Structure formats: C-alpha cells, structure tokens
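Colleague:
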Amino acid sequence: MSPAPTRVAASLSGLLAFPVTPFTESGDVDLSRFRTHLTDVLAAKPAAIFVACGTGELASLTGTEHQAVVRAAAEHVAGAVPVLAGIGGGTRTAVEFARAAQDAGADGLLALPPYLQVGPSAGLVAHYREVAAATELDVILYQRGTAVFTPAAVVELAEVDTIVALKDGHGDMELLQLIQTATGGRLPLLNGMPTAEVFARSYAGLGARAYSSAALAFVPEVAVAFFEAFENGDDATQQLLLREFYAPLAELRRTTPGYAVSLVKAGLDIRGRSAGPVRSPLAQVTPEHREQLARIIDRGLAALSATPVA
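Under our numbering, residues 770 to 1079 are what the sequence shown spells out, in order.
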C-alpha cells in the first residue's frame, strides 16, 4: 500500500512559481528585495514556490548563500504554500545542500542534474538514491542536461518513498511516454520546459498539467490568465497569449544562452521591481533585446484586455 500523499506531493497540480534570487549592484544576495519579490509571487497564488533553482541561479550561489535564501523563503512564506529548494552538483555537494535546506525550513527539494559529469544509468540511480536518503524531505527529480533517465531507472527511483515527482526539461515526448508506461504513472510528471506555457498542451496529453512558469515572476497577470485558460479549456485565450506574448518571448530567449534567467530579471526591472543583475557566466540582456522584451510585455498585457470576461 502506497503512503499517504505528502504536503509537497499534494501541491504539484497547479501553477508552480520559480522566483529569482535578487542581487545588489555589487553582486551580493539581497534578502530584502527577495522578500518583496516573494510577496509579489505569493499574490499570484501558486501551488508551490521553488527557490534557488535554475531561475534562482543555484549554480552561482555559495552554500552559505543558498541556505540563507532558503531560510528567508521558508520564514517569509510561513507555510502558505510549500517551499522547495534547488540542489545540484556532485553527490556530496547535493547532499550537503539538501541537509542545509532541511535545516533552513524547506518543505522539499528539486534535484537538478549533477554538474557536467555524465554517468551510466546505474550511476544516476545511485546519485539520486543517496540524495533522497540524506534528508526526510520530498524530492523531485529534474530531467535535463546530464540527467536523462531510462524508463527502468525511473521505475527504480519511483520505489523511493521520498521521490515524489519527475520534472522534465528535456522534451523527448517518446521517452516520457515510455517512462509513464513503465511506471504506470506512479510518479507524477511536471512540465519544466523553458517557457513551459508553449509546451503546456503537449504535456497535458501525458497527464502533466502542472508546470513551472518563469513568466509568473515578472508578468504574473499574464501567467495566471494563461493557466486559468489552460485549466478551463479556453483555447481562444491560450492562442491569443501564445501569439502575443509566449511565442515572441520564446524566440527572444533562444537568441542568447542564459536568457531563460536574464530575461526574467530584465522583465522585473522593466516593470519597476528590479532584482538586480545576474551573476556571471550569465550576461545582462542587451539594450536592443531589453527594448524588444518591453514590447513583448506590453503586447502580453494588452492581450489581457482583449480576453473575454467569464
């Protein structure tokens, strides 16, 4: 008999928020602006908040900074929704960050791929088993980059009680179907593609209706409107927002490596909610692309006034 759903597992059915990690102009973590940013994100009523993940620039945070960000989020959110912390790197680094996140008050973990190294399936399984065993927290696997799972590996990992979902940013629909078939759907699938809204209907065909929204961080009005249209089967509104906002945003994102994060911080600045710069090796958005992003934001907000009132 399977265990009762945990608080984290039960929350993975809606819009998932991925806030940025604000920095000062000198590059230090800005916890004051982070709390303000979290207040804005919470107002959109996400199902869960994932801090210090890809959008939160996990790879550029020190262990001390990571724990401070997680603790600030846990204290500020104060149980309103689950707070999950990103962890990554080699096994011992991931274990260290996982334990620190638990100590800081996180409700769960998003396990990003191991850094650079590519091992066989057995190595991936061993890595995630060790990470899951390090704490009592629920763990979500993140498939992308150096962590692409075979169906057999997912079957094995699904047997670990605290591994509760698979977030996919790889986009191989055939592989996902094989994984779903092999596991019998025991491990919920989350849409974790860049500009996930563009892929929402494709992933829904595999039963994955929850998705991570980077847009929620800087245009929550658009992100919430799209999610509601998606949930309600409002194809006209989805098509309108895809045409006016999400497709142009995805095209701009593809112009430059790292723009999946840099555009979010630029968007916050454009909207008067600056979260400071990104850290290298990410780069700031160019002036030309910033102007283009501002136009895309304006188009997305204008589209909302054209959507019919339910």
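Even glycine gets a Cβ: it sits at the ideal position worked out from N, Cα and C. Quantities reported herein were computed from a predicted structural model and do not represent experimental measurements.
1) Taking all protein chains shown into account, decide if LYS1034 is buried (16 or more other Cβ within 10 angstroms of its Cβ) or exposed.
2) Take GLY832 as the anchor and find which of GLU865, GLY825 and ALA817 has the nearest alpha-carbon.
3) In whole angstroms, what separates the C-alpha of THR862 from that of GLU943?
4) Starting from the C-beta of GLU729, find all residues in its chain whose C-beta is less than 8 angstroms away, skip the five residues before and the five after it, and write them out in chain order.
5) Across the segment 1053-1071 and the segment 835-847, are there enough close Cβ pairs to call them in contact, namely three or more that are closer than 8 angstroms?
6) Between TYR1028 and the rest of its own chain, which residues show a CB-CB distance below 6 angstroms, the 5 nearest in sequence each way excluded?
7) Going by C-alpha to C-alpha distance, which of PHE968, TYR972, ASP797 and ALA786 sits closest to ALA817?
8) Could you check the C-alpha separation between LEU886 and PRO1026 for me, to the nearest Å?
9) Under three-state DSSP, which class holds VAL850?
10) With the cut-off set at 8 angstroms, would you say ALA867 and LEU893 are in Cβ contact?
11) Suppose contacts are defined by Cβ-Cβ distances below 8 angstroms. Is VAL988 in contact with GLY1036 by that definition?
12) Can you say whether LYS936 is buried or exposed, counting buried as having 16 or more other CB atoms within 10 angstroms of its CB?
Modeller: Inspection of the coordinates gives the following:
1) It is buried - the Cβ of LYS1034 has at least 16 other Cβ atoms within 10 Å.
2) Ranking the options by Cα distance to GLY832, first place goes to GLU865.
3) Each residue's Cα considered, the two are about 32 angstroms apart.
4) Any answer about residue 729 is impossible in this case: the structure gives the chain only from 770 up to 1079.
5) No: the two stretches stay apart, fewer than three of their Cβ pairs being nearer than 8 angstroms.
6) These residues qualify, in order along the chain: ARG1022.
7) The candidate whose alpha carbon is nearest that of ALA817 is ALA786.
8) Just to set this straight, residue 886 is Gln in the shown sequence, not Leu. Looking at the two C-alpha atoms, the distance is approximately 20 angstroms.
9) Coil, per DSSP.
10) No, the pair does not count as a contact, with Cβ atoms beyond the cut-off.
11) Contact flag set, yes.
12) Buried: at least 16 other Cβ atoms inside 10 Å.
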